[in-house]
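Notes to accompany the following structure.
Residue numbers (the working numbering), protein chains in the order written: chain A, 24 to 704; chain B, 24 to 704.
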């Protein structure tokens, strides 16, 4: 199946290249249409009762089976067999959904303040968001305001032995080169880290198979320190660099251990999606790239726009980074750059840490198969997926079988020496996931479809390898897709979710901004079948991961007095009866209990200008007995779960009588769960 | 059916009063259990194919009909017959959901910045949020920061002749006494108004039957100007006042017309939920209240908590405000208070604008029946709903049939003269909605159930009036409920949605903060039947309204160059070819076109410290061709829909090369839709 590089360029790529008309590829919307594949044969002989209900509602016969395949009745949470952790795109948050119901179980506040959860509205969580701009201490100057949103692209669940372990999840900020860590004991964000030397990010995040590291690399490359921005674009190759970042994970807490972390300097191509090697490829990460032309636009001055300049070359470069080797040399051969150990590009080359391999036209996804042998690349202007083989890669490296070096001296492996096969899947292949039977599933953006094909041995042994076996239209313009546990060493199969970017006619009458469209695809039948559409009208999800729900062992009640930031009991937490007010000069410290249906104390008196520190302990032990806390006019909103301790500090600088109250409808006398903050002259 | 006041106190109320044990009513969680009513008889004789699918998934036989009753297949948006506009509670937003699928179609950014929609992240929308703190110009002092969240409780769709007209929706901020207006042409917020004299709000918002006014009244009363906060609580009756606010609506734009607006001063009870009279009661509004005891707590000093102090009296007061009369006198008999015309309390009494009527123990909801005749009040510590009759009320007022006057001189109508019936519905009745067959539906918080009962004539004529006919358990602790168009003059019946506050065991393993639980209830069978559970894990909805989807005629593309704030073409919008950069001193103005797949110009060069004004026009005409716009490190996120003009202004105060990019995956070359902002010394 392997094509020579020459065959590829002259032959099959022509069709894809033909899609570029005057540089306006993007105007094509996949014409998936409505011709869904109906499978399973479950549409005949339905009882007249059920048929009558369906007919009265205007359903088609085939809809009954789809309904029954996706419905999760109330009170049966276990029937949502999988949970999806979905990036929120430029909402900055992380969504959790159940599969197959596709119900949104929670949206976790991460980079963007979220007042329902009291995230960033006066509580200690503010410090997490503040520290997330420049790491640790928060903004270093007024010209670097605290960043209060992100473009979250790729969530990464923690892994043990290459399987999700349900402990933590990470998510990166494409806009600003940051990363956040969420603890799945309470489903709350614990840390936001502004990664040095990354102005923006894309490649990652993902974790290595035992959560040794979480990886995040540059998107658009970073201006090097000391370079004059005024002439930077014209001297692009010298002015910018990329960075592949390995953030070490503390194995107890899941937080970033910066001292053990490091970066590998990369050329200033636009590094794109990435994945961690596993099993056969353990120790490697693979990063796609585009714009190795280093085009920078200038369309108002008559230069071609970036979309054209960046699409000139037939090949960009798959980056291969050997982090096990990097670990060995980082102690001795790195330099410190803005607080991060960096292995310079020349050292990375010399030590055999970094290699390139050609990847066809405008590559996007780079996904590693379950056993780690294959790396599947979708080139979005090429109708094939290109499948690299780690055994061929390692053999080629050992043999120094290079076709050239790039202008930075990085060895480029020969295409034919590392590619074990190519499958013609259709127009605009982007991302690939895997099932438990040796098949790969690739999203086709331009064609608005999901393609299914066989992998090579040992993933797939039953029939012919590298054979397209099925395709299903989706609606419309699919970006990522996810199969259940489909990027682990043990995929679960069953479903694929198509993350469609356009919905156009799938939802009606809700204004000028359309939702995204998630489609649940059944993999259990002979043919793939779209079961349901789910609008995503609050986010622009990119990658998602789907984990077996029973892997998550979250808390439903905090151990008494737990501070959500430290996940330890707070020394300032109280039990029932420990309520008090302490006056220290112009600071009033209030130790308050919170329970149905009162705050105690319920009257707080301070002088205007005094500092007020509230230590709130929710002394309840009943699951779901969450209370809110708001102070009118002070922009304070907190959510305090059962057992939780929370702290709030503010200057009482507005005179008046302010009725603090519980914002969470907690009991029949919830409305009476109120008190007064009296600020007098 | 009418009880005397004496009978009420001595008899049936005892059971409810018994629920108060040591002041800890709230610890009771309704024991609804899982014993759902199964109706419709649609569980037998299902085809073996479908049954096999159901059995394989572990579904019960009755689940098949529920699945078929709620499933909305992809590409059939019209099968979501109704749209629900749901408050977001302390998320500060407004949610739109489809019925019966219960899919969340959109979350509209209102009071809280929302970066997916670019709401409050650098665009002109910032001005809407800023102006929403003190009306018009934004914060007047550093001690009044811009409020960046709200506790949204009650959405109010605009009406014509008492029916929803699908033009606008309003929603109020319980925390801060504010109100927002959303245009349903583009589903975006146009105005946030900080209502004078309201520190917080609850009663409302709702619109009068021809959208003459939108009403919003105080929750906890407002400290009067000039009163010393230090002694305010001890002199509660003199220190505080409530305000019933009638914001006039501009009939063309839907925006608030402050000059034609007014308030009616109210006593400092805690005014609660409210509703507008219609048809027979047109011209009135009705506001429930509690804490007419004016308890203010002090539990750390040994006083009873507010929950006890506010629950002492057997009756609080239903407020009746005659806004048609108020309109007649506001021109001559109002005073100007903080920019709002206010009819003082004594004038309101003298002019017959304000009356009270006793309402039993801890009243909450006050809901007007479709023909306007009945006002149904739920007293949450009384197992009955109490039904007032506007004909009796008007007769009693004409006869001056008062039992007393309150301490402010407001006439109190005799309970027996205005109450036409009471129905024993169960423990903890809160809110009531109506169907098209003359039934009322009341939520029972303590019992975790929905009660159905017949109303009096002319709403209901078929059988016995005021008779409980059905009850269905819900899960758990229902607050509001909504029937389809169930607060209009022409309810649509079909479904009720139970908005349950607790979910406890309905969802598993998603951390310490539980979602709320919406349950869709089928009204078409002999018995009510719960069809589905939907988690709400991003908001705490209070009231919602449900409108027939076909009443909404929204835009899918803006007229070219529309400014979303004015809904008019912007003079700064451009067409393709109009791109340019203008330098005016230290201000750089960029007129940029935005389309698949480039920004033009794609390079912007400014000096550090210069002001950059970007005029972005999305020149696309294809529905769903939305583009995003982000600038790394500058905390800027915008969403620009097809046809939309957007403006952004900032000081380029950080030196560097910043890759502005499109955040909305718009085309196969979306990743190349990028450009450079070069900020040099």
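A virtual CB, placed ideally from N, CA and C, is assigned to each residue, including glycine.
Here the structure is a predicted model, which is why all the values come from computation and not from measurement.
Between the beta-carbon of residue 241(B) and the beta-carbon of residue 266(B), is there less than 8 Å?
-> It is a contact, given that the beta carbons lie within the stated cut-off.
Does residue 542(A) have its Cβ less than 8 Å from a Cβ in chain B?
-> Cβ-Cβ to chain B under 8 Å: yes for residue 542(A).
Please classify residue 410(A): is it buried, with 16 or more other beta-carbons within 10 angstroms of its beta-carbon, or exposed?
-> Counting Cβ neighbours within 10 Å, residue 410(A) comes out buried, since at least 16 surround it.
Within the same chain, show all residues whose beta-carbon is closer than 7 Å to that of residue 171(B), passing over the 5 residues directly before and after it, in chain order.
-> Result list for residue 171(B): 135, 136, 152, in chain order.
From the beta carbon of residue 220(B), is the nearest beta carbon of chain A less than 8 Å away?
-> no
Rounded to whole angstroms, how far is the Cβ of residue 510(A) from the Cβ of residue 587(A), which I believe are closer than 8 Å?
-> Contact annotation, residue 510(A) with residue 587(A): C-beta distance approximately 29 Å; criterion of less than 8 Å not satisfied.
Would you be able to state if there are at least three C-beta pairs under 8 Å between the stretch 632 to 647 of chain A and the stretch 106 to 119 of chain A?
-> no
To the nearest angstrom, report how far apart residue 224(A) and residue 201(B) are at their CA atoms.
-> Their backbone Cα atoms lie some 39 Å apart in a straight line.
From which residue to which residue does the beta strand (DSSP E) around residue 307(A) run?
-> Unbroken beta strand (DSSP E) run through residue 307(A): 307 to 313.
Contact list for residue 413(B) against chain A, beta-carbon separation under 8 Å | Within chain A, no residue comes near residue 413(B); the closest Cβ sits about 26 Å away, beyond 8 Å.
Contact set between residue 264(A) and chain B, taken where Cβ atoms lie within less than 8 Å | The contacting residues do not exist; residue 264(A) stays about 12 Å from chain B at best.
Distance, Cα to Cα, residue 29(B) vs residue 382(B)?
-> Confidence at residue 29(B) is low in this model, with a pLDDT of 38, below 50, so the placement of that residue is unreliable and no value is reported for it.
Segments of 4+ residues assigned as alpha helix (DSSP H) that fall wholly inside the stretch 331 to 373 of chain B | Listed in chain order, the complete alpha helix (DSSP H) runs (minimum 4 residues) inside the stretch 331 to 373 of chain B are 346 to 356, 368 to 373.
In chain B, what lies closer than 7 Å to residue 363(A) by C-beta?
-> Neighbours of residue 363(A) on chain B: none; closest Cβ ~17 Å, over 7 Å.
Can you say whether residue 594(B) is buried or exposed, counting buried as having 16 or more other CB atoms within 10 angstroms of its CB?
-> exposed
Short check: CB of residue 145(A) to CB of residue 620(A), under 8 Å?
-> no
Would you identify the three-state DSSP class for residue 259(B), choosing helix, strand or coil?
-> In the structure shown, the three-state DSSP call for residue 259(B) is helix.
Going along the chain, which unbroken runs of the beta strand (DSSP E) with 3 or more residues stay wholly within the stretch 108 to 176 of chain A?
-> 117 to 122, 127 to 131
Once you ignore the five residues that flank residue 127(B) on each side, which residues in its own chain have a CB closer than 8 Å to its CB?
-> 118, 119, 120
Roughly how many angstroms lie between the CA atoms of residue 85(A) and residue 442(A), to the nearest whole one?
-> 42 Å
Provide the residue span of the alpha helix (DSSP H) that contains residue 204(B), from first to last.
-> Segment 201 to 206 is the beta strand (DSSP E) holding residue 204(B); no alpha helix (DSSP H) there.
Burial state of residue 174(B), where buried means 16 or more other Cβ atoms lie within 10 Å | buried
Examine the Cβ distances between the stretch 541 to 555 of chain A and the stretch 184 to 199 of chain A and report whether three or more of them are shorter than 8 Å.
-> no
Using a Cβ cut-off of 8 Å, pull out every chain A residue sitting near residue 560(B), in sequence order please.
-> 119, 127, 128, 129, 130
Taking one C-beta from the stretch 568 to 579 of chain A and one from the stretch 102 to 113 of chain A each time, how about it: are there three or more such pairs within less than 8 Å?
-> yes
Output yes or no for whether 8 Å exceeds the beta carbon distance between residue 565(A) and residue 503(A).
-> Closer than 8 Å, so yes.
Is the shortest distance between the beta-carbon of residue 191(B) and the beta-carbons of chain A less than 8 Å?
-> It does not; no Cβ of chain A falls within 8 Å.
Name the two residues that bound the continuous alpha helix (DSSP H) containing residue 88(A).
-> First-last of the alpha helix (DSSP H) with residue 88(A): 84 to 93.
Beta-carbon of residue 575(B) versus every beta-carbon of chain A: anything under 8 Å?
-> Residue 575(B) counts as touching chain A.
Any chain A beta carbon closer than 8 Å to residue 319(B) = yes
Pull out every residue of the stretch 678 to 704 of chain A whose Cβ sits closer than 9 Å to any Cβ of chain B, in chain order.
-> 678, 679, 680, 681, 682, 684, 686, 687, 688, 689, 690, 691, 692, 693, 694, 695, 696, 697, 698, 699, 701, 702, 703, 704
Give a yes or no on whether the minimum CB-CB distance between residue 261(A) and chain B is below 8 Å.
-> no
Can you tell me whether DSSP reads residue 661(A) as helix, strand or coil?
-> strand
Sequence-distant residues of its chain with Cβ nearer than 8 Å to residue 689(A) (five each side left out) = 619, 620, 648, 649, 650, 696
Could you give the DSSP three-state label for residue 270(A): helix, strand or coil?
-> strand
Counting only beta-carbon atoms, is residue 517(A) nearer than 8 Å to chain B?
-> no
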